[in-house]
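The numbering of the sequence shown is the working numbering, which starts it at 38 and goes up by one.
In this text, a Cβ means the ideal position worked out from N, Cα and C, and glycines have one as well.
From a predicted model like this one, the values you see are computed outputs, not experimental measurements.
Below is one structure, written out as structure tokens; comments come after it.
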Amino acid sequence: MSLFQSRLISPALAAWRKRLMLLGVLLLTLLPALAQAACVNASGRYNTLLNVVARSVRVQADLAEGASLGAWSSTAVASGAQRSINYGLINCTGGGGSFGWMGDAVAGAGGVYPTGVPGIGIRFRLSGILVDQAHGVVMPVSLESGGARIPLADGKYLGNTVPWIFTYTLVKTGPIALNAVKPYATFNLASAGLENVWVGGDGDTVQGGAASRYVPFSLSAPGDWALVPATCFVTTPVMTVPLNSALLRFFQNNEQNIGLTPFNVGLTCPGGAQSLKRVSMLLSDNVKLGNSSNTLALTLDSTASGVGIQVLWQGAPVQFQADPTDTTGTTPASTLAVGTISGGSFNIPLSARYIATEGNENVEVGTVNARMTLTVYYD
């Protein structure tokens, strides 16, 4: 039985440079008009809290602008004790008004707000129920940030009768700077630009206004999000390969490929038009450090003697080299090319067999165990 440990060596990990951005809101003074249709935040308004859990996001280097980096959902909860028919969240009079996001979105990005990280924006979506208590109307709401406003008829609306579902999507809005200084960059969504929801008249064009004209929303985002480059990874980081049993007479008869057992090392890489990668590997003996032969040494708990294990690539024994992280050996000068991958899954087909190390006549029966590390390289 043979235990193999596989490990991935990736290119230099990328770092991200964090930049704070000031989000502006356009203010406009409106002349009074007694007959103007409008919605305002009802007196005694309460805040709606959007809970966001910090996550780690894998960023594919060749991702197209406008593409999503991932979407997540959370429940928005309205705080405050006043939730009666006379104390609505939104109060519309004079023919009604509209409901929509306010804030400065990224230009040309379809309702995407900045996060503070260059090239990374966020799109908000809020869905739930607005209940018109005056008219008994239950209105589903599905609001995309930066999109068209939702019309509201006269009445008082409560937004907390059914939980709001808050969906946030990270979007690539431009080039994302990569360097090798740090493995990741962090940012906090609390500074992402969602501050409130605008409620105004049908004829209003401004996305801002007096304090009584918006519904306050706030983000609860404890902890920082991490942006990490999407890299290849080994899908079989630790694996055990049970070799087929062999009889002593197989060696005495000079048979080939004794106990031959095939196995695969799996690799997954992000896709994309420019993601073609050349894959190579290096095998190191974990028992005899610095072993440069084509035969693995046996572990101390092995009871057989005069025998070793070879690993084959395309039918030929692989030459072992010093572990690249092992200071007792030498750094490998070359690796063995095994193919190319353009996104998706990739298997490195290998096989293992027994080999006599002191002549076929000197093999003694018993257990045979060896350990090795397979390091995968790609560029």
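Classify residue i as helix, strand or coil using the three-state DSSP reduction.
i	result
residue 249	Here residue 249 scores only 43 on pLDDT, less than 50, and its place in the model is too uncertain to base an answer on.
residue 398	helix
residue 106	strand
residue 161	strand
residue 335	coil
residue 288	helix
residue 381	strand
residue 280	coil
residue 357	coil
residue 306	strand
residue 151	strand
residue 326	coil
residue 405	coil
residue 411	strand
residue 340	coil
residue 228	With a pLDDT of only 41 at residue 228, under the threshold of 50, the placement of this residue in the model should not be trusted; the figure read from the coordinates follows. It is helical.
In the DSSP output, which residue or residues are listed as bridge partners for residue i?
i	result
residue 387	300
residue 373	318
residue 347	390
residue 209	157
residue 273	Beta-bridge pairing links residue 273 to no other residue.
residue 204	110 and 162
Go ahead and label residue i buried or exposed: buried means 16 or more other beta carbons lie within 10 angstroms of its beta carbon, across all protein chains shown.
i	result
residue 210	buried
residue 160	buried
residue 376	exposed
residue 80	Low local confidence applies: a pLDDT of 46 at residue 80 is under 50, so the model's placement there is unreliable, and no value is given.
residue 148	buried
residue 416	exposed
residue 230	Note that residue 230 scores a pLDDT of 38, beneath 50, so its modelled location is shaky; the value from the coordinates is reported in the next line. With 16 or more other Cβ atoms within 10 Å, it is buried.
residue 285	exposed
residue 97	buried
residue 374	exposed
residue 275	exposed
Excluding the 5 residues preceding and the 5 following residue i in the sequence, name in chain order all residues of the same chain whose CB lies nearer than 7 Å to its CB.
i	result
residue 287	295
residue 446	Given that the chain is displayed from residue 38 to residue 416, the structure contains no residue 446 and the question cannot be resolved.
residue 401	341, 342 and 343
residue 394	332, 343, 344 and 345
residue 283	295, 296 and 391
Flag residue i as yes when its Cβ comes closer than 8 Å to any non-hydrogen atom of the ligand ZN, and as no otherwise.
i	result
residue 402	In the structure on display, the ligand ZN does not appear, and there are no ligands present to speak of.
Go through its chain and collect everything with a Cβ distance to residue i's Cβ below 8 Å, but skip five positions before and after it.
i	result
residue 397	288, 289 and 291
residue 384	301, 302, 303 and 304
residue 281	296, 297 and 298
Can residue i and residue j be called in contact, C-beta distance under 9 Å?
i	j	result
residue 207	residue 108	yes
residue 408	residue 323	yes
residue 335	residue 348	no
residue 301	residue 273	yes
residue 357	residue 317	no
residue 2	residue 343	Absent from the model: residue 2. The displayed extent of the chain is 38 to 416, so no value can be given.
residue 314	residue 379	yes
residue 321	residue 361	yes
residue 414	residue 319	yes
residue 110	residue 203	yes
residue 412	residue 372	yes
Looking only at its chain, what residues have a beta carbon closer than 6 Å to the beta carbon of residue i, apart from the 5 residues adjacent to it on each side?
i	result
residue 403	340 and 341
residue 392	332, 345 and 347
residue 325	334
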